[in-house]
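Accompanying notes for the structure given below.
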């Protein structure tokens, strides 16, 4: 039986024994990194520098929400506006693994820049078990690289500390509840953000389509759950596919891209079943997406693939 209070106390003591100099952590606002940041903050206090990188791949209004949440936890936050750097580094990149490697390397380079400013020796990360297992850290074959463990430069100058490395998502949520973190029940969000929900080349315009589509999916699913029409899935989002098909806007034929809606039931993310969503809710989502991003998207589809064989995210 997992004992959250005991784990927190042991982690605090281990980090006190390990971290003897300035440490830096990426506070993405997700459950994993927030729990890691709060525990590290309790362990080393002013030695911890928490940095939030606005990559340009965040969800709607997410930056402001993250800043408010971390301030409530008493964490001093540095926000780095890096959208231009990410879009430039990813220009012309379409292959999923290449995207993740580029994102991972730039992630580290940005923190090396911050390290020079604060003299950090340690990098604290919210890596959990599914991250490194799926990246080939265990006995299984590599499924795909994860931003926390893939793309790390060989000349990385920071020592990595991963307090949650052996835990699964349900256990991390227990820690979040114990620590009174408001994102305890928040659905998982990939480290690379909307970059891995925008299949094909990343442009500000295409990412904005995904941002709007994801917001619509979240709003409609949460409204449906509140009204008792459905159970809220473990994870739910939209992705943009580089698949153009003919559509009609008014009396004019037009080619637009395709949005896929994904919703799954799971305990820890290692396996998942697609959620059976009422057609009435899917219809609302389809209508809102095609009306909101007129001209860019003219087709919305629903993914009914389990994990395995498919992963939860499309990239």
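Numbering (the numbering used here), first residue to last: 1 to 315. Every residue, glycine too, gets a C-beta built ideally from N, C-alpha and C. Quick caveat: nothing in here was measured; it's all calculated off a predicted structure.
Would you give the residue range spanned by the beta strand (DSSP E) that residue i belongs to?
i           : result
residue 257 : 252-265
residue 81  : 77-81
residue 124 : 122-124
Thinking C-alpha only, which one of the options is nearest residue i?
i           : options               : result
residue 297 : 10, 130 and 260       : 260
residue 126 : 112, 207, 69 and 166  : 166
residue 68  : 29, 49 and 99         : 29
residue 59  : 214, 173, 268 and 309 : 214
residue 93  : 23, 294 and 201       : 201
residue 275 : 306, 34 and 246       : 306
residue 311 : 235, 219 and 98       : 235
residue 80  : 282, 1 and 55         : 55
residue 33  : 163, 283 and 287      : 163
residue 285 : 302, 4, 173 and 130   : 302
residue 103 : 292, 129, 193 and 281 : 193
residue 269 : 168, 205 and 114      : 168
residue 224 : 314, 238, 57 and 282  : 282
residue 309 : 185, 131 and 271      : 271
residue 278 : 231, 219 and 216      : 231
residue 217 : 101, 8 and 264        : 264
residue 288 : 221, 304, 3 and 113   : 221
residue 233 : 73, 187 and 8         : 187
When DSSP labels each residue in this structure, what does residue i get in the three-state scheme?
i           : result
residue 237 : strand
residue 242 : strand
residue 147 : With a pLDDT of only 46 at residue 147, under 50, the local geometry of the prediction cannot be trusted, and no value is derived from it.
residue 98  : helix
residue 54  : strand
residue 213 : helix
residue 25  : strand
residue 60  : coil
residue 186 : coil
residue 104 : helix
residue 227 : coil
residue 202 : coil
residue 116 : helix
Would you tell me roughly how many angstroms separate the C-alpha atoms of residue i and residue j, rounded to the nearest one?
i           : j           : result
residue 25  : residue 262 : 30 Å
residue 106 : residue 90  : 10 Å
residue 316 : residue 110 : Because the chain in this structure spans residues 1 to 315, residue 316 falls outside the shown range and cannot be described.
residue 249 : residue 255 : 10 Å
residue 208 : residue 10  : 42 Å
residue 85  : residue 227 : 42 Å
residue 124 : residue 158 : 9 Å
residue 50  : residue 23  : 9 Å
residue 142 : residue 189 : Confidence is the limiting factor: at residue 142 the pLDDT is only 39, short of 50, which leaves the residue's position unreliable, though a coordinate-based value still follows. Each residue's Cα considered, the two are about 20 Å apart.
residue 196 : residue 211 : 12 Å
residue 140 : residue 98  : Reliability of the predicted coordinates at residue 140 is poor, the pLDDT of 40 falling under 50, and the value obtained from them is presented with this limitation in mind. Taking the straight line joining both Cα atoms gives about 21 Å.
residue 257 : residue 205 : 12 Å
residue 6   : residue 77  : 27 Å
residue 246 : residue 299 : 9 Å
residue 12  : residue 171 : 17 Å
residue 238 : residue 185 : 19 Å
residue 15  : residue 203 : 40 Å
residue 252 : residue 304 : 32 Å
residue 52  : residue 21  : 20 Å
residue 64  : residue 82  : 15 Å
residue 3   : residue 174 : 9 Å
residue 229 : residue 219 : 14 Å
What span of residues does the alpha helix (DSSP H) with residue i cover, start to end?
i           : result
residue 293 : Per DSSP, residue 293 belongs to no alpha helix (DSSP H) and is neither H nor E.
residue 168 : Looking at the DSSP string, residue 168 is not in any alpha helix (DSSP H), and its letter there is neither H nor E.
residue 159 : Not the alpha helix (DSSP H): residue 159 falls in the beta strand (DSSP E), residues 159-161.
residue 31  : 31-44
residue 11  : 4-18
Any beta-carbon of chain B closer than 9 Å to the one on residue i?
i          : result
residue 31 : The chain labelled as chain B is not found in the depicted structure, where only one protein chain is given.
### Task
Take every Cβ of the region 34-52, pair it with every Cβ of the region 174-183, and state whether three or more of those distances are shorter than 8 Å.
yes
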